[in-house]
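Residue numbers 0 to 425, in numbering that gives the first Met the number 0, belong to the letters of the sequence shown in order.
Ideal placement from N, C-alpha and C gives every residue a C-beta, glycine not left out.
Small disclaimer: the values here were computed from a predicted structure and weren't measured.
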Amino acid sequence: MRRGKFLWGVVIGVVLGLVALPLMGGAKGAAKPIVIGCPLSTAFLYGWDAERGIRLAVEEINAAGGVKVGKKKRPFKVVVMDTRDLEPGVPVSEALLTVEKLILEKKADFIVGGPVRSEAALAAMDLLSKYKKISILTTGVLTPKYHARVAQEYEKFKYCFRITGEAKWMVKEIITCLMDIKARYGLDKMFIMVQDVAHARAGGNIIAKISTEKGWTVTGKEIYPTGTTDFSMGLIKAKKTDAQVILIWMDMPETSILLKQWYDMKVPALPFGSIIAAAEQPGFWKATEGKGEYCLANVVNAGNAPSKATPWTMKFYKAYKKRWGVEPEGYGASSSYMAPYVLKDAIERAGSLKADKVIAALEKTDIMGVYGRIRFDPKSHQVIPSLDPKEGAVGTIFQWQAGRRVVVFPPKIAVGEIKLPPWMKK
Numbered sequence: 000m001r002r003g004k005f006l007w008g009v010v011i012g013v014v015l016g017l018v019a020l021p022l023m024g025g026a027k028g029a030a031k032p033i034v035i036g037c038p039l040s041t042a043f044l045y046g047w048d049a050e051r052g053i054r055l056a057v058e059e060i061n062a063a064g065g066v067k068v069g070k071k072k073r074p075f076k077v078v079v080m081d082t083r084d085l086e087p088g089v090p091v092s093e094a095l096l097t098v099e100k101l102i103l104e105k106k107a108d109f110i111v112g113g114p115v116r117s118e119a120a121l122a123a124m125d126l127l128s129k130y131k132k133i134s135i136l137t138t139g140v141l142t143p144k145y146h147a148r149v150a151q152e153y154e155k156f157k158y159c160f161r162i163t164g165e166a167k168w169m170v171k172e173i174i175t176c177l178m179d180i181k182a183r184y185g186l187d188k189m190f191i192m193v194q195d196v197a198h199a200r201a202g203g204n205i206i207a208k209i210s211t212e213k214g215w216t217v218t219g220k221e222i223y224p225t226g227t228t229d230f231s232m233g234l235i236k237a238k239k240t241d242a243q244v245i246l247i248w249m250d251m252p253e254t255s256i257l258l259k260q261w262y263d264m265k266v267p268a269l270p271f272g273s274i275i276a277a278a279e280q281p282g283f284w285k286a287t288e289g290k291g292e293y294c295l296a297n298v299v300n301a302g303n304a305p306s307k308a309t310p311w312t313m314k315f316y317k318a319y320k321k322r323w324g325v326e327p328e329g330y331g332a333s334s335s336y337m338a339p340y341v342l343k344d345a346i347e348r349a350g351s352l353k354a355d356k357v358i359a360a361l362e363k364t365d366i367m368g369v370y371g372r373i374r375f376d377p378k379s380h381q382v383i384p385s386l387d388p389k390e391g392a393v394g395t396i397f398q399w400q401a402g403r404r405v406v407v408f409p410p411k412i413a414v415g416e417i418k419l420p421p422w423m424k425k
């Protein structure tokens with residue numbers, strides 16, 4: 000009897016083993032994911048909105064079947080690590096360690112997102128070259144030096160791409176918008192307030208130079224360390240010098256304090272955020288109790304505020320809101336969302352994950368995305384910008400009006416016009 004039970008148990012075991020074999024084989028045969036390593040400063044706006052944009056795109060791509068590499072479909076896998084490079088006092092070396100960990104420990108096939116701070120991203124270029132890892136910058140890093148280095152030393156830095164705007168183009172957009180304000184309202188005096196970081200210092204200097212050449216008077220300039228919480232002295236100087244526009248270039252969250260102080264002091268000057276992190280976010284109105292009304296903010300790429308730049312713009316806008324329970328929050332959202340789609344397109348055209356083949360495919364990218372036509376300059380790997388979404392990557396400047404972010408520039412995608420604070424003299 001016992002022997003019969005034993006034999007029956009052996010039979011059952013063999014049968015179960017035979018059933019399990021194809022299942023095990025199936026697990027082993029499952030498509031290996033393509034790992035996207037994302038070095039981001041996750042405690043800050045330009046880090047967390049980038050992560051959300053990337054994850055949303057990857058979820059959509061994987062749900063649709065993944066990425067076709069040759070004849071096989073493979074899913075994307077997102078691995079995010081915190082660089083902390085937007086935090087005051089954190090050395091660049093920490094961001095570099097994060098990038099290296101993503102490559103060596105997490106086995107990232109591609110780097111997407113950051114590092115976010117210009118200084119950290121520039122330093123990371125050598126690591127990307129060393130490990131031959133393709134990177135697509137999607138947030139932060141506004142310095143023109145990035146794509147200039149690619150153009151100057153192409154063979155070394157050909158792995159580096161940037162799918163978002165940079166300081167020189169932003170300056171052109173800002174100057175164009177400022178000239179519209181000058182023509183419409185007769186404003187011609189500007190006070191400049193910038194953060195003590197590379198892209199902000201450079202951007203402030205360029206705007207001062209070009210605007211002066213175009214008939215503006217720069218009445219003063221203040222530079223603030225990252226983490227500053229009191230801007231009253233600069234605002235007093237702006238008021239005393241009869242400035243009519245306050246040009247702000249800061250990517251730190253404390254800019255919400257600046258706008259509160261501006262409102263409470265009733266400074267008779269229009270706040271124009273060429274980069275102003277706090278004012279970009281949907282929650283800014285409630286957080287400041289409406290004291291940020293009339294503030295202009297540049298969110299660099301269309302899709303980060305509601306408009307109809309392309310058929311994909313509002314589709315992305317609604318998908319982001321549904322997935323994360325909040326509207327696209329700032330500069331890095333739409334560009335980070337587009338990066339996995341652009342990478343997918345390049346991999347499928349290349350039919351391979353090999354760096355040189357994917358680089359060649361990325362250089363031939365030409366797709367209509369959330370913020371316009373997406374193409375890269377083949378020499379510098381900088382996304383090609385335009386004021387017309389049919390021709391290139393188009394930016395967005397909006398103004399807070401009655402609790403809403405109203406896109407006012409460029410004209411091709413504007414849904415409203417710029418208004419002045421009521422306490423400004425006509």
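- Message: Does R372 come out as helix, strand or coil in the three-state DSSP assignment?
- Response: In the structure shown, R372 sits in a strand (DSSP, three-state: E or B).
- Query: If we call anything under 8 Å between Cβ atoms a contact, is F190 one with G164?
  - Reply: No, the pair does not count as a contact, with Cβ atoms beyond the cut-off.
- Query: What did DSSP end up calling I417 once you bin it into helix, strand or coil?
  - Reply: Three-state DSSP puts I417 in coil, outside helix and strand.
- Item | Beta-carbon proximity of L246 to S273, cut-off 8 Å | Contact flag set, yes.
- Task: Could you check the C-alpha separation between A48 and Q151 for me, to the nearest Å?
- Result: Before going on, a small fix: residue 48 reads as Asp here, not Ala. Cα to Cα, the separation comes out at about 31 Å.
- May I ask you to report which of helix, strand or coil DSSP gives W399? W399: strand per DSSP, three-state reduction.
- Query: Whose C-alpha, out of F283, P114, I162, is nearest the C-alpha of P384?
  - Reply: The shortest Cα separation from P384 among F283, P114, I162 belongs to I162.
- Looking at C-alpha atoms only, which residue of S351, L96, E347 is the closest neighbour of A119? For the set S351, L96, E347, the Cα lying nearest the Cα of A119 is the one of L96.
- Message: For G297, report the span of its alpha helix (DSSP H) as first-last.
- Response: The residue you asked about is not Gly; residue 297 is Asn in the sequence shown. For N297, no alpha helix (DSSP H) encloses it; the enclosing beta strand (DSSP E) starts and ends at 295-297.
- Is it buried or exposed for T211, if we count other Cβ within 10 angstroms and need 16 for buried? The residue in question, T211, is exposed, as its Cβ has fewer than 16 Cβ neighbours within 10 Å.
- Item | CA nearest to the CA of A56, picked from M232, D376, F283, K76 | Measuring from the Cα of A56, the nearest candidate turns out to be K76.
- Item | Backbone CA spacing between A401 and W261 [nearest angstrom] | Taking the straight line from one Cα to the other gives about 17 Å.
- Item | C-alpha gap between L186 and K307, whole angstroms | One C-alpha to the other measures close to 29 Å.
- Message: Can you look up M423 in the DSSP assignment and give me helix, strand or coil?
- Response: DSSP places M423 outside both helix and strand once states are collapsed to three, so it counts as coil.
- Message: Between which two residues does the beta strand (DSSP E) holding W248 run?
- Response: Per DSSP, W248 belongs to the beta strand (DSSP E) from 244-249.
- Query: Counting pairs of Cβ atoms below 8 Å between the segment 341-353 and the segment 139-154, do you hit three or more?
  - Reply: The segment 341-353 is not in contact with the segment 139-154.
- Touch check for the segment 325-342 and the segment 99-118: three-plus C-beta pairs under 8 Å? Per the Cβ contact rule, the segment 325-342 is in contact with the segment 99-118 (3 or more Cβ pairs under 8 Å).
- Leaving out five residues before and five after M178 in sequence, what residues of the same chain have Cβ atoms less than 6 Å from its Cβ? Listed in chain order, the non-local C-beta contacts of M178 below 6 Å within the same chain number zero, local neighbours out to five positions each way being set aside.
- Near T41, which residues of its chain fall below 7 Å by C-beta distance, leaving aside the five closest residues on each side in sequence? Answer for T41: W47, E50, V79, D81, listed in chain order.
- Euclidean distance between Cα positions of Y330 and K144: Answer to the nearest angstrom: the Cα atoms are 20 Å apart.
- Message: Taking 8 Å as the threshold (C-beta atoms), are A199 and M249 in contact?
- Response: Yes, these two residues count as a Cβ contact at 8 Å.
- Query: Nearest to Q194 by CA position, among I275, T216, V244, W168, is which residue?
  - Reply: Closest by alpha carbon: I275.
- Query: Cα separation between K427 and A360?
  - Reply: There is simply no residue 427 to check, as the chain begins at 0 and stops at 425 in what is shown.
- Task: My understanding is that L258 touches A242, with C-beta atoms under 8 Å, so please give their C-beta distance in whole angstroms.
- Result: Incorrect: roughly 16 Å between the Cβ atoms, too far for contact.
- Query: Measuring CB to CB, does K38 end up less than 8 Å from R73?
  - Reply: Before going on, a small fix: residue 38 reads as Pro here, not Lys. No, the Cβ-Cβ distance between P38 and R73 is not below 8 Å.
- Query: The alpha helix (DSSP H) with P339 in it runs from where to where?
  - Reply: Annotation: the continuous alpha helix (DSSP H) that includes P339 extends over 332-349.
- What distance in whole Å lies between the Cβ atoms of A166 and L141, which are believed to be in contact at a cut-off of 8 Å? Contact between L141 and A166 holds, with the beta-carbon distance rounding to 4 Å and staying under 8 Å.
- Message: By the DSSP assignment, the beta strand (DSSP E) with T475 in it spans what residues?
- Response: Outside the displayed span of the chain (0 to 425) sits residue 475, for which this structure offers no information.
- Task: Please name the residue, chosen from P310, A301, A207, V98, that lies closest to K129 on a Cα-to-Cα basis.
- Result: Out of P310, A301, A207, V98, V98 has the C-alpha closest to the C-alpha of K129.
- Report all residues from its chain with a CB closer than 6 Å to the CB of G35; omit the five preceding and five following residues, and keep chain order. The sequence shown places Ile at residue 35, not Gly. The residues are F75, V77, F109, V111.
- Query: Under 8 Å between the Cβ atoms of K207 and V196?
  - Reply: Note that residue 207 is Ala in the sequence shown here, rather than Lys. Cβ distance not < 8 Å, so A207 and V196 don't count as in contact.
- Since M189 is in the beta strand (DSSP E), which residue starts that stretch and which ends it? Under the DSSP assignment, M189 falls in the beta strand (DSSP E) whose first and last residues are 188-194.
- Task: Give me whichever residues DSSP pairs with I442 in a beta bridge.
- Result: The shown model of the chain, from 0 to 425, leaves out residue 442, and the question about it has no answer.
- Under three-state DSSP, which class holds S134? The three-state secondary structure of S134, taken from DSSP, is strand.
- Message: According to DSSP, simplified to helix, strand and coil, what is D81?
- Response: When secondary structure is reduced to three states using DSSP, D81 falls in the strand class.
- If Y316 sits next to G302, beta carbons under 8 Å apart, how far is it from one beta carbon to the other, in whole angstroms? Indeed they touch by this definition, with Cβ atoms about 6 Å apart.
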